[in-house]
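Inspection log for the structure reproduced underneath, given as structure tokens.
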Amino acid sequence: MEVTNKYIAIRSHIDGAPRESDFELKTEALSVSNEPGCNDVVVKTIYVSIDPYQINRMKKFSSSQKTSTFAVAITPGQAIDAFGVGRVVASGHPGFEKDDLVAGLISWGEYSIVRGGNMLNKLDSMGFPLSYHVGILGFSGLTAYGGFFHICNPKKGEKVFVSAASGSVGNLVGQYAKLFGCYVVGCAGSQKKVELLKEKLGFDDAFNYKEETDLKSTLKRYFPEGIDIYFDNVGAEMLEAAVANMNIYGRVAVCGVISEYTDTKKRAAPDMVDVVYKRIKIHGFLAGDLMNLYADFFSTTTDYLRTGKIQVIEDISHGLENVPSAFIGLFCGDNVGKKIVKVTDDYN
Numbered sequence: 109m110e111v112t113n114k115y116i117a118i119r120s121h122i123d124g125a126p127r128e129s130d131f132e133l134k135t136e137a138l139s140v141s142n143e144p145g146c147n148d149v150v151v152k153t154i155y156v157s158i159d160p161y162q163i164n165r166m167k168k169f170s171s172s173q174k175t176s177t178f179a180v181a182i183t184p185g186q187a188i189d190a191f192g193v194g195r196v197v198a199s200g201h202p203g204f205e206k207d208d209l210v211a212g213l214i215s216w217g218e219y220s221i222v223r224g225g226n227m228l229n230k231l232d233s234m235g236f237p238l239s240y241h242v243g244i245l246g247f248s249g250l251t252a253y254g255g256f257f258h259i260c261n262p263k264k265g266e267k268v269f270v271s272a273a274s275g276s277v278g279n280l281v282g283q284y285a286k287l288f289g290c291y292v293v294g295c296a297g298s299q300k301k302v303e304l305l306k307e308k309l310g311f312d313d314a315f316n317y318k319e320e321t322d323l324k325s326t327l328k329r330y331f332p333e334g335i336d337i338y339f340d341n342v343g344a345e346m347l348e349a350a351v352a353n354m355n356i357y358g359r360v361a362v363c364g365v366i367s368e369y370t371d372t373k374k375r376a377a378p379d380m381v382d383v384v385y386k387r388i389k390i391h392g393f394l395a396g397d398l399m400n401l402y403a404d405f406f407s408t409t410t411d412y413l414r415t416g417k418i419q420v421i422e423d424i425s426h427g428l429e430n431v432p433s434a435f436i437g438l439f440c441g442d443n444v445g446k447k448i449v450k451v452t453d454d455y456n
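Each residue of the sequence shown is one higher than the last, beginning at 109 in my numbering.
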């Protein structure tokens, strides 16, 4: 059996802000049956994750491409692998059967051939929407949970600052921190997002960074007694301002530096005297570092979901052809919460 597979590829390497013209919708013939002895799995995509780190894979060169198997360079013209949820349509692997729901590394395409079933797991929805398993119960949730509890090592009552706080990871960090008993302030790029943080997600306070001309003074105003924990999703001037306002033994979890991904002129330059004399810990990390925490994360988060203690913020686009615009929107501040594209409704 053969199907026509459509997928999204880049036309050439992208070394600045992504544009629609950088992407193309390609078509290929794909076999959905397996030869005897083959243990590949063919998956039809339902939901696919849209994540800013992918831009570093699309560059001609990024140091990230040499440091993680999840961040290897993307070749122009080829399908782009990404985390998602799908349905098995053919399998030569003993661990997967036709019609199984699965989560794992698939692609920005209608179908994916997963060699040897690698990085693929059967999915029990547990009564939650399938999209949750791409976001809050997927790597975004694990990143927020592990980054906050493992990297930041919080104590109840500590003062926490979260940048890009309405994004896929930031909104969850703030909610975990509040549930743990911390004082939490977030920043976002619009008044609507600020209101979301305070009114729906329970942040103690929030501000629109685009309306502030002096970030160091702004953070001093919101944290008159200093910052204990900074969860960084932005980098550049925001990191500098946070370090300037941190307390002794402050911790910085560097999850992402989205402001630096598409602007080579932006680079964080925190005052290293502050870092030394305040004994500030700055720790970069990847979601893959946190897999040993997955069981705790999943148990805690599903309990919060069932008891209504945590809110799910999703931003879902529809149709494979809208993957490029969804991705580009990440760098324009268009998304609120976890950005996902629903590729197909056909999963019954």
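Cβ atoms here follow ideal geometry from the backbone N, Cα and C, with glycine treated the same way. From a predicted model like this one, the values you see are computed outputs, not experimental measurements.
Legend entry - Straight-line Cα distance separating E429 from C146: The sequence position of residue 146 within the sequence shown is 38, counting from 1. The sequence position of residue 429 within the sequence shown is 321, counting from 1. Rounded to the nearest whole angstrom, the CA to CA distance from C146 to E429 is 31 Å.
Legend entry - Proximity winner among E307, P332, D313 and C295, relative to E319 (alpha-carbon distances): Here residue 319 is taken as the residue at index 211 of the sequence shown, counted from 1. Cα-wise, what sits closest to E319 is C295.
Inset, instruction - Figure out for me which residue from I163, E333 and K174 has the closest Cα to the Cα of P184. - result: Here residue 184 is taken as the residue at index 76 of the sequence shown, counted from 1. Nearest C-alpha to P184 among I163, E333 and K174: I163.
Inset, instruction - Taking only the alpha-carbon atoms, compute the straight-line gap between Q283 and G255 and give it to the nearest angstrom. - result: Translated into the one-based positions of the sequence shown, residue 283 becomes position 175. Translated into the one-based positions of the sequence shown, residue 255 becomes position 147. Cα to Cα, Q283 sits roughly 13 Å from G255.
Inset, instruction - Please name the residue, chosen from Y155, S176 and L231, that lies closest to R165 on a Cα-to-Cα basis. - result: Here residue 165 refers to the residue found at position 57 of the sequence shown. Comparing Cα-Cα distances from R165 to each of Y155, S176 and L231, the minimum goes to S176.
Inset, instruction - Name the two residues that bound the continuous beta strand (DSSP E) containing L209. - result: Taking the sequence shown and counting its residues from 1, the one referred to as residue 209 is at position 101. Unbroken beta strand (DSSP E) run through L209: L209 to S215.
Inset, instruction - Please classify M380: does DSSP put it in a helix, a strand, or coil? - result: Here residue 380 corresponds to residue number 272 of the sequence shown, with the count starting at 1. In the three-state DSSP reduction, M380 falls in the helix class (H, G or I).
Inset, instruction - Kindly examine the ligand GDP and report whether one of its heavy atoms sits closer than 8 Å to the Cβ of S298. - result: Absence of the ligand GDP from the depicted structure is noted, as is the absence of any ligand whatsoever, leaving it without description.
Inset, instruction - May I ask you to report which of helix, strand or coil DSSP gives S433? - result: For the purposes of this step, residue 433 is taken as the residue at position 325 of the sequence shown. Helix at S433.
Inset, instruction - Return the chain-ordered list of same chain residues with a C-beta closer than 7 Å to the C-beta of A377, the five sequence neighbours on each side being excluded. - result: The count along the sequence shown starts at 1 and reaches residue 377 at position 269. Only E348 meet the Cβ criterion.
Inset, instruction - Return the chain-ordered list of same chain residues with a C-beta closer than 8 Å to the C-beta of F191, the five sequence neighbours on each side being excluded. - result: The residue given as residue 191 occupies position 83 in the sequence shown. Cβ within range, chain order: V156, S157, D159, A211, G212, L213, I214, V242, G246 and F247.
Legend entry - Inside the segment 200–287 only - beta strand (DSSP E) runs reaching at least 3 residues: The segment 200–287 contains these whole beta strand (DSSP E) runs: 209–215, 219–222, 228–230 and 267–270.
Legend entry - Beta-carbon proximity of K301 to V420, cut-off 9 Å: As a first step, residue 301 is located in the sequence shown; it is residue number 193 there, counting from the start. As a first step, residue 420 is located in the sequence shown; it is residue number 312 there, counting from the start. Cβ distance not < 9 Å, so K301 and V420 don't count as in contact.
Legend entry - Short Cβ contact (9 Å threshold) for H258 with L401: One-based indexing of the sequence shown puts residue 258 at position 150. One-based indexing of the sequence shown puts residue 401 at position 293. When the beta-carbon positions are compared, H258 and L401 come within less than 9 Å of each other.
Legend entry - DSSP three-state assignment for N456, whether helix, strand or coil: In the sequence shown, residue 456 corresponds to position 348, counting from 1. The pLDDT assigned to N456 is 45, lower than 50, so where the model puts this residue is not dependable, and the model offers no usable value.
Legend entry - CA-to-CA distance, G310 to K263, given in whole angstroms: Position 155 of the sequence shown, counting from 1, holds the residue named residue 263. Position 202 of the sequence shown, counting from 1, holds the residue named residue 310. Roughly 19 Å between the two C-alpha positions.
Legend entry - Element boundaries [beta strand (DSSP E), containing M354]: For the purposes of this step, residue 354 is taken as residue 246 along the sequence shown, with counting starting at 1. Where M354 is concerned, the enclosing beta strand (DSSP E) starts and stops at M354 to V362.
Inset, instruction - Kindly indicate the opening and closing residues of the alpha helix (DSSP H) around V365. - result: What you label residue 365 is simply residue 257 of the sequence shown in a count that begins at 1. Per DSSP, V365 lies in no alpha helix (DSSP H) and is assigned neither H nor E.
Inset, instruction - Pick helix, strand or coil for E110, following the three-state DSSP scheme. - result: Numbered from its first residue, the sequence shown carries residue 110 at position 2. The answer is strand: DSSP assigns E110 an E or B state.
Inset, instruction - For the alpha helix (DSSP H) holding K301, just list the boundary residues, first then last. - result: For this step, residue 301 is matched to residue 193 along the sequence shown. Here the alpha helix (DSSP H) through K301 covers Q299 to E307.
Inset, instruction - Helix, strand or coil for A349, going by three-state DSSP, please let me know. - result: As a working note, residue 349 is residue 241 in the sequence shown. Under the three-state reduction of DSSP, A349 is assigned to helix.
Inset, instruction - Please state whether DSSP places Y161 in a helix, a strand or coil. - result: Here residue 161 refers to the residue found at position 53 when the sequence shown is read from its first residue. Note: Y161 maps to coil in three-state DSSP.
Inset, instruction - Could you check what DSSP says for K324 in three-state terms: helix, strand or coil? - result: Residue numbering aside, residue 324 sits at position 216 when the sequence shown is read from its first letter. K324: helix per DSSP, three-state reduction.
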